[in-house]
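Taking it in order: structure first as structure tokens, then the write-up.
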Amino acid sequence: PPAADEPGEGGGEAEEDAWQKEGWRHRMSIMRQSSRALDRTLGVWFQNIQQGMVKLPRFQRFEAWDRGRITSFLNTSINNLPVGVTLALDVAGREKFASRYIATAHPISSSTVTQHLLDGQQRLTAFLYSVRALSGAAPI
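All residue numbers for the sequence shown refer to my numbering, where the first residue is 5 and numbers rise by one.
Given below as structure tokens:
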């Protein structure tokens, strides 16, 4: 027997068309609900990380960029070019994964965690390290 989400046998083209339209609506509904794009500046990321609102799931690797990659990233930022995307999982109430703070973050407070950073750690770590180095809080 066909699965509940598949058209039945012998239903003809009308049933097939209705099933395809309904399936498309369902897939589009899921896509609208599950993701959204935000335009967030590095300054806002810095503030959220310093307040302890953003953490890394424990399964993320540690920082790995060398001085050359960090320099390239900073040149990109200074020249006001796009620095790439980040992917964050909203954490509503209870964290979904065991987590840790970004290595260079040193949060000034421990606010409620609102996001787990899934992609973009190397860029944000490079940015945080550079800000701390310029302020004299970390060696260059």
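Positions of the beta carbon are idealized from the N, C-alpha and C atoms, including for glycine. Given the structure is predicted, the values throughout are model-derived calculations rather than measurements.
Among the options, whose alpha-carbon lies nearest the alpha-carbon of residue i?
{"i": "V135", "options": "W69, E17, R65, F50", "result": "F50"}
{"i": "A137", "options": "Q119, A109, Q126, N83", "result": "A109"}
{"i": "R127", "options": "A96, R98, D94, A68", "result": "A68"}
{"i": "G97", "options": "F77, S115, R71", "result": "S115"}
{"i": "L42", "options": "L93, N84, N79, T80", "result": "L93"}
{"i": "A102", "options": "I74, L85, G140, V58", "result": "V58"}
{"i": "T45", "options": "A18, L85, G72", "result": "L85"}
Buried or exposed for residue i, please, with buried defined as at least 16 other CB atoms from any protein chain shown within 10 angstroms of its CB.
{"i": "I53", "result": "buried"}
{"i": "I153", "result": "Given that the chain is displayed from residue 5 to residue 144, the structure contains no residue 153 and the question cannot be resolved."}
{"i": "E10", "result": "Unreliable placement is indicated for E10, whose pLDDT of 47 sits below 50; no coordinate value is reported for it."}
{"i": "N79", "result": "exposed"}
For the beta strand (DSSP E) containing residue i, list its first residue and its last residue.
{"i": "L46", "result": "L46 -> not in any beta strand (DSSP E); alpha helix (DSSP H) instead, spanning 46–54."}
{"i": "D78", "result": "Strictly speaking, residue 78 in this sequence is Leu, with Asp absent from that position. Unbroken run through L78 is the alpha helix (DSSP H), 71–82; no beta strand (DSSP E)."}
{"i": "A92", "result": "91–94"}
{"i": "K59", "result": "58–61"}
Flag this pair as yes or no: are the beta carbons of residue i and residue j separated by less than 7 Å?
{"i": "V95", "j": "Q119", "result": "yes"}
{"i": "V117", "j": "E99", "result": "yes"}
{"i": "L60", "j": "L132", "result": "no"}
{"i": "I62", "j": "R104", "result": "Here the sequence assigns Arg to residue 62, which means Ile is not the residue at that position. Contact flag set, yes."}
Just confirm the distance between the C-beta atoms of residue i and residue j, as a whole number of angstroms; I'd bet it's less than 8 Å.
{"i": "T129", "j": "I112", "result": "The pair is not a contact, with the Cβ atoms about 17 Å apart (cut-off 8 Å)."}
{"i": "G124", "j": "L91", "result": "7 Å"}
What first and last residue would you give for the alpha helix (DSSP H) that runs through residue i?
{"i": "L132", "result": "125–138"}
Could you confirm whether any beta carbon from chain B is found closer than 7 Å to the beta carbon of residue i?
{"i": "A92", "result": "Chain labels in this structure do not include chain B; a single protein chain is all it has."}
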